[in-house]
Amino acid sequence: MELPGLILSSDSARLGRDARELCRRAAAGELRRIRRGVYVQSAAWDALSSWDRYPLLIQAAASTLQSRTVFCRKSSAALWDLPVLGRPTLVHACTSDDGGGRSRAGVRRHYADQTSLQVEERRGLLVTGRLRTVLDLAAFESFEQAVAVLDHVLRPQPGLPALSKEELDDGIGTNYSAAAARRIRAAIDFADPASGSPGESVSRALMHRLGFEPPRLQTPIRDARGLAAYTDFEWPEERLCGEFDGLVKYQKAEYLQGRTASEVVIDEKAREDRIRATGRRVIRWTWAEISGPAKFAALLTAHRVPRLVRPACRR
42 MELPGLILSS
52 DSARLGRDAR
62 ELCRRAAAGE
72 LRRIRRGVYV
82 QSAAWDALSS
92 WDRYPLLIQA
102 AASTLQSRTV
112 FCRKSSAALW
122 DLPVLGRPTL
132 VHACTSDDGG
142 GRSRAGVRRH
152 YADQTSLQVE
162 ERRGLLVTGR
172 LRTVLDLAAF
182 ESFEQAVAVL
192 DHVLRPQPGL
202 PALSKEELDD
212 GIGTNYSAAA
222 ARRIRAAIDF
232 ADPASGSPGE
242 SVSRALMHRL
252 GFEPPRLQTP
262 IRDARGLAAY
272 TDFEWPEERL
282 CGEFDGLVKY
292 QKAEYLQGRT
302 ASEVVIDEKA
312 REDRIRATGR
322 RVIRWTWAEI
332 SGPAKFAALL
342 TAHRVPRLVR
352 PACRR
């Protein structure tokens, strides 16, 4: 998606205009101030989804920094079109100062040895390489975030090849502490390219952490008419299927495939009816249910998803 243009108060000053005019337009609701000295048309900002607003915040930060900055972690991930969980607003950038970890004006700096750091360009900005970005998220973010990004890169993406588990493991090298390397390897071992979306990846990671029996992924369900569906999750012994509904299919053109949102709802209902007609139970959930472990555990328990003898590893 093409992002709206930024309006900089520094540009107004260079052109001899009164920068206070931008403040007045923002007060009137015409502009939205997204960073000190950086504005965007309010209507354009309101039309953006949360996942499109974050790259714009990164661009806004880049426009006000003194030198070309190398962005990392969640910021690099967003520019690589990797799944970033939540609604981030803090921008992450590299620094050669081994103090690192400082946050100023919405930008957090992280130490990186930039002499050996692979740097690439995405959307006109400098970012850590794709492999390093993935490993950084696995090292420093939640297990759920790690699994979401690893599942994603194990599949080829438009214009980008899949990364193998061997490549990921080799990339750890000496870049991380022993504890961080263990976290990365645990997530790599658990990652599975069969997960069809970030929501499915987060669901599976939470099931693992909460001690539920691992489901089969993308199981074909057949009836007398042939293939009824591929279900996101299945516990065959329980005759139970799980479906994550990210609601994206009701909004994005590639999922709608020429249908209206209401037609998609009807098709989904017919699909679920065919699954149930085979004698299977179906449980559905959305981002709301996986927003917290306790809520998701209660849902799975209520639908009799089997649990392992003891909970899996915690993170």
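This note's numbering applies: residue 42 is where the sequence shown begins, and numbers increase by one.
We put the beta carbon where it would ideally sit given N, CA and C, even for glycine.
Counting only unbroken stretches of 4 or more residues, the alpha helix (DSSP H) elements lying wholly within the stretch 90-114 are 91-105, in sequence order.
At least 9 Å separates the beta-carbon of Ala189 from that of Arg224.
For Gln259, the enclosing beta strand (DSSP E) covers residues 257-264. Taken atom to atom, the span from the alpha-carbon of Arg58 to that of Ser51 is near 10 Å. Beta-carbon to beta-carbon, Arg109 and Leu167 are separated by about 6 Å, close enough to satisfy the 8 Å threshold.
Beta-bridge partners of Trp276 (DSSP): Leu281.
Ala153 is positioned such that its CB atom lies no closer than 9 Å to that of Val194.
Residues Asp273, Phe285 of the same chain have their beta carbon placed closer than 7 Å to that of Glu241, with the five preceding and five following residues left out of the count. Under the three-state reduction of DSSP output, Ala67 falls in the helix class.
Val243 sits buried, since 16 or more C-beta atoms from the chains shown fall within 10 Å of its C-beta. Three or more beta-carbon pairs drawn from the stretch 228-235 and the stretch 199-219 are found closer than 8 Å, and the two stretches are therefore classed as touching. In the three-state reduction of the DSSP assignment, His344 falls in the coil class, being assigned neither a helical nor a strand state. According to the DSSP assignment, Trp326 belongs to no alpha helix (DSSP H) but to the beta strand (DSSP E) extending over 322-326. Taking a C-beta distance under 9 Å as the contact criterion, Arg196 and Ile262 do not qualify as a contact pair. Note on geometry: alpha-carbon atoms of Ala203 and Leu63 lie some 45 Å from one another. Of the other Cβ atoms in all chains shown, fewer than 16 fall within 10 Å of the Cβ of Ile307; this residue is therefore exposed.
In this structure Leu123 does not touch Val160 by the C-beta definition: roughly 17 Å separates them, more than the 8 Å allowed. Of the candidates Arg145, Ser183, Ser116, the residue whose Cα lies closest to the Cα of Gly170 is Ser116. For Arg173, the closest alpha carbon among the candidates Ala88, Ala222, Glu185, Gly200 is that of Ala222. The alpha-carbon separation between Trp328 and Phe337 amounts to approximately 10 Å.
Bounds of the beta strand (DSSP E) holding Ile75 are 72-76. DSSP, reduced to helix, strand and coil, places Ile331 outside both helices and strands of the structure shown, so it counts as coil.
Only residues of its own chain outside the window of five on either side were considered, and among them none has a CB closer than 6 Å to the CB of Gly333. For Glu161, the beta-bridge partners assigned by DSSP are Val168.
Beta bridge pairing from DSSP links Gln186 with no other residue.
When the alpha-carbon of Ser236 is set against those of Arg317, Ala119, Asp192, Gly127, the nearest one is in Asp192.
Around the beta carbon of Asp177, 16 or more other beta carbons lie within 10 angstroms, which makes this residue buried.
CA-CA distance, Glu330 to Gly252, rounds to 17 Å. Taking a 10 Å sphere around the C-beta of Gln155, we find fewer than 16 other C-beta atoms and assign the residue as exposed. DSSP, reduced to helix, strand and coil, places Leu176 within a helical segment of the structure shown.
Listed as beta-bridge partners of His133 by DSSP are Arg149.
Nearest C-alpha to Asp93 among Pro129, Tyr80, Leu72, Arg345: Pro129. Check the Cα spacing between Ala69 and each of Arg76, Ser83, Val79: the tightest is with Ser83.
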